[in-house]
Amino acid sequence: MAQCIREDVARWASHREVLIMGDFNGHLQALDGFQDTNGELLLTLARTLALEVLNLRPECEGQYTWSARNSRSCIDYVLATPALARRLTHMNIDENGEFSIGSDHNRIKLSFSRSSWRTIAMEHRNPAERHLPQSEYAAVAEAFEQNFQPTEPPTYDQFVLELRRIMKKHEIRVNFRGGLRRKGWWDEEVQRALIARRTANRLHRAAVRTSPERSA
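Taking UniProt numbering, the leading residue of the sequence shown gets 1, the next gets one more, and so forth.
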């Protein structure tokens, strides 16, 4: 696949802009907190072909492009030639799956400016940092005891891998703008509370409109 991308970019990038989107099945340190072989290949490919990874730009809203089996990560990426990348005004990753029905990959929406004079300074994201709050230690230990029950004596690597998997679910991610990134369950609870409040307000207004007027 990498060779096909190199050939296509070499064919087209000399006289027009190039945009590449797809599932690279790789992880980057800046987004997932670790980097694998495919992630390294992606960055090498981008450097070699002078392309920018738009997922790393500050215009990108959202981070996780894949969600399944109580897990989520970034494995889908958008690469663009520098001139096209400078025209990017907004990139949205549908982390909540509102527009990604029927797929475990989240929709990616791109918006570009038609103007070539857009000179807003662009800064890349700093590597993501992970933090396991002390308040989560007991929950991690309990989850490990309940979930890690191999039929045969586990190896050290299996032990560590399972522990890291469980710890990752309880970690808090520090985003590139500083501060703590909200977890998905928080957004869902807030959304449910807002819907409940709007419903209560509508019922209250309807009751006020339909109630008989009190005599003075």
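C-beta atoms are modelled at their ideal positions from N, C-alpha and C, and glycine is treated no differently.
C-alpha gap between residue i and residue j, whole angstroms
i, j, result
"ARG197", "ASN96", "21 Å"
"GLU123", "GLN149", "Any reading at GLU123 is ruled out, since the residue's pLDDT is 47, under 50, leaving its predicted position unreliable."
"GLU171", "HIS105", "22 Å"
"ARG164", "ARG72", "14 Å"
"SER14", "LEU54", "20 Å"
"THR65", "LEU45", "20 Å"
"ASP8", "ARG16", "12 Å"
"GLN3", "PHE159", "38 Å"
"GLN35", "ILE195", "39 Å"
"ILE5", "TRP12", "11 Å"
Residue i (DSSP reduced to helix, strand or coil)
i, result
"VAL9", "helix"
"ILE20", "strand"
"ASP94", "coil"
"HIS105", "strand"
"LEU28", "coil"
"TYR64", "coil"
"PHE99", "coil"
Buried versus exposed call for residue i [16 or more other C-beta atoms within 10 Å across all chains shown]
i, result
"MET21", "exposed"
"ALA10", "exposed"
"CYS60", "buried"
"GLY102", "exposed"
"MET1", "exposed"
"GLY178", "Reliability fails at GLY178, whose pLDDT of 43 lies under 50, so the model's placement of it is uncertain and no value is given."
"ALA121", "Only weak support is given to the placement of ALA121: the predicted model assigns it a pLDDT of 45, under 50, and the value that follows is read from those uncertain coordinates. Answer is exposed; the Cβ neighbour count stays below 16."
"TYR77", "buried"
Minimum Cβ-Cβ distance from residue i to chain B less than 8 Å
i, result
"ASN25", "Annotation note: the requested chain B is absent from the structure, which comprises a single protein chain."
Contact check, residue i vs residue j, beta carbons under 8 Å
i, j, result
"ILE75", "HIS27", "yes"
"GLN63", "LEU31", "yes"
"LEU79", "LEU51", "yes"
Spatial neighbours of residue i in its chain, beta-carbon cut-off 8 Å, leaving aside the 5 residues before and after
i, result
"PHE112", "LEU84, ARG87, LEU88 and THR89"
"GLN146", "none"
"GLU152", "none"
Cβ neighbours of residue i in the same chain (closer than 6 Å, five flanking residues each side left out)
i, result
"LEU42", "PHE24 and GLY26"
Own chain partners of residue i with C-beta closer than 7 Å, once the 5 adjacent residues on each side are dropped
i, result
"LEU132", "MET167, HIS170 and GLU171"
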